[in-house]
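**Q**
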Amino acid sequence: MAPSSYFLLAVFLALVACQANASDPSPLQDFCVADKHSPVKVNGFACKDPMAVNADDFFKAAKLDEPRNTAHSKVGSNVTLISALQLPGLNTLGISLARIDYAPLGENPPHTHPRATEILTVLEGTLYVGFVTSNPNNTLFAKVLNKGDVFVFPEGLIHFQFNPIHDKPAVALAALSSQNPGAITIANAVFGSKPPISDDVLAKAFQVEKGTIDWLQAQFWENNHY
Ligand SMILES: *[C@@H]1O[C@H](CO)[C@@H](O)[C@H](O)[C@H]1NC(C)=O
Ligand SMILES: *[C@@H]1O[C@H](CO)[C@@H](O)[C@H](O)[C@H]1NC(C)=O
C-alpha cells in the first residue's frame, strides 16, 4: 500500500474505534432538547422544536451544593442524578451527573451502569471504592479515596463506594458517559425482582439453602438511585 493508503486506513480504523467505544450515539445536530410529551418513540427522546428552545432547557437549579438526606436510607446513601429526564437539554449529548451523599458508614451498594463509564471525585470525607472485572478473572480493583481524589469505574462493571468513617459523612460528584446511564443494583435485581426469581434458581446459583434465599427475598430492597 502507498503511504497515503496507510494514512486513510489509520483514519478509518480510528473512526471505527470511536464508534465502537461510544456508548450513546453521537448527535446529528447542535442539540435535541428532550420533548417528553412527544408520542414519537425514538432511542432517547424526540427533539423539541428548536425554535422553541431557550436557555432554561439547558439549566436546572439542582442545588447540588446542598447535602441530601441519608437518614432514611437503609444503605446510608442518597444518589441525586441529573440525566436527560431531569435536564431535557442533555438528550443526545451522552453525558450526565450525580451527587452522592454517604452517611457515616453508609454505602452505595454494588451496582452497574449498563450504558456508562463513571468518573467520581470525592468532595468531602473518605470513600473505599472498587470495581470487579468480568468473568473469568473477577479481579477487584479497590482504593481508599480522600477529598479531591478521582477514580474511574469502567462501563458496565460492578462497582461500589463505602464511607468507612464512623463519625463523618462523605460527598462525591460523579460524571457518567450517557444521558441515561441506568443503574442495576445487584442485590435488588437478584433478590428483589417482581415477581421473584424462583428460589430453586437462586439457591443453585448462590450455592446456599433455599431458606437463605427465601429470607433474602423477604427483605425490603430499597432503591437509593433516583
Ligand atoms: C434524598 O434526599 C432528598 C433531599 O434531602 C430527600 O428528599 C429524599 O427523600 C432522600 N432520599 C432517600 C432515599 O432518603
Ligand atoms: C485474566 O487473567 C489471565 C490470567 O492471569 C490473564 O492472562 C488475562 O490477561 C486477564 N484478563 C484481564 C482482562 O485482565
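Under mature numbering (1 follows the signal peptide of the UniProt record, and there is no 0), the letters of the sequence shown match residues -22 to -1, 1 to 204, in that order.
For glycine and all other residues, C-beta sits at the position ideal for the given N, C-alpha and C.
Note that the structure is a prediction, hence the values are computed from the model and not measured.
Just to confirm my understanding: we take T190, look at its own chain, exclude 5 residues before and 5 after, and list those with CB closer than 7 Å. What are they?
**A** Result list for T190: empty, nothing under 7 Å.
**Q** Just to confirm before moving on: does the CB-CB distance between S156 and S55 stay below 7 Å?
**A** No, these two residues do not count as a Cβ contact at 7 Å.
**Q** Between the segment 102 to 112 and the segment 59 to 76, are three or more C-beta pairs nearer than 8 Å?
**A** Taking 8 Å as the limit for Cβ pairs, the verdict is that the segment 59 to 76 does not touch the segment 102 to 112.
**Q** So does N32 have its beta carbon nearer than 6 Å to some heavy atom of ligand 2?
**A** The answer is no for N32.
**Q** Check whether the Cβ of N115 sits closer than 6 Å to any heavy atom of ligand 2, and report yes or no.
**A** Yes - ligand 2 has a heavy atom lying nearer than 6 Å to the Cβ of N115.
**Q** Please work out which residues of its chain come closer than 7 Å, Cβ to Cβ, to P92, disregarding the five sequence neighbours upstream and downstream, and give them in chain order.
**A** These residues qualify, in order along the chain: G134, G160 and I162.
**Q** Please list, in chain order, all residues of the same chain as F36 whose beta carbon is under 7 Å from its beta carbon, the five residues on each side excluded.
**A** G67.
**Q** Might you give, ordered along the chain, the residues of its own chain that have their beta carbon closer than 6 Å to the beta carbon of V57, omitting 5 neighbours on each side?
**A** Cβ within range, chain order: A76, I78, N202 and H203.
**Q** Thinking just about the alpha-carbon of each residue, which of D8, A24 and Q7 is nearest to the one in H15?
**A** Of D8, A24 and Q7, the residue nearest in Cα terms is A24.
**Q** Would you say N141 touches ligand 1, meaning its beta carbon is less than 6 Å from a heavy atom?
**A** Not under cutoff, so the answer is no.
**Q** Ligand 1 and N166: does any heavy atom of the ligand fall closer than 6 Å to the residue's C-beta?
**A** No.
**Q** With a cut-off of 5 Å, give the chain-ordered residues whose Cβ is closer than this to any heavy atom of ligand 1.
**A** Listed by chain position, these are R46, N47, H50, S51 and N56.
**Q** What is the residue span of the beta strand (DSSP E) that D120 lies within?
**A** For the record, residue 120 in the displayed sequence is Ala; it is not Asp. Segment L118 to N124, the beta strand (DSSP E) holding A120.
**Q** Along the chain, where does the alpha helix (DSSP H) containing A148 start, and where does it finish?
**A** Counting along the chain, A148 falls outside any alpha helix (DSSP H), though it belongs to the beta strand (DSSP E) covering A148 to L154.
**Q** Between F(-11) and the rest of its own chain, which residues show a CB-CB distance below 7 Å, the 5 nearest in sequence each way excluded?
**A** Unreliable positioning characterises F(-11) in this predicted model, as indicated by a pLDDT of 47, which lies under 50. A coordinate reading is not provided.
**Q** What is the DSSP secondary structure of V31, reduced to helix, strand or coil?
**A** The answer is coil: DSSP assigns V31 none of H, G, I, E or B.
**Q** On the premise that G108 lies in contact with H137, defined as a C-beta separation below 8 Å, what is that separation, rounded to the nearest angstrom?
**A** That belief holds up - the Cβ atoms of H137 and G108 are roughly 7 Å apart, short of 8 Å.
**Q** According to DSSP, is Q139 part of a helix, a strand, or is it coil?
**A** In the structure shown, Q139 sits in a strand (DSSP, three-state: E or B).
**Q** Can you give me the C-alpha to C-alpha distance between A40 and L63, rounded to a whole angstrom?
**A** Going from the Cα of A40 to the Cα of L63 covers about 13 Å.
**Q** Going by DSSP, what residues sit across from V100 in a beta bridge?
**A** For V100, which the question treats as bridged, DSSP gives the partners A150.
**Q** Start and end of the beta strand (DSSP E) containing T58?
**A** Residues S55 to I60.
**Q** Report all residues from its chain with a CB closer than 6 Å to the CB of L180; omit the five preceding and five following residues, and keep chain order.
**A** I191.
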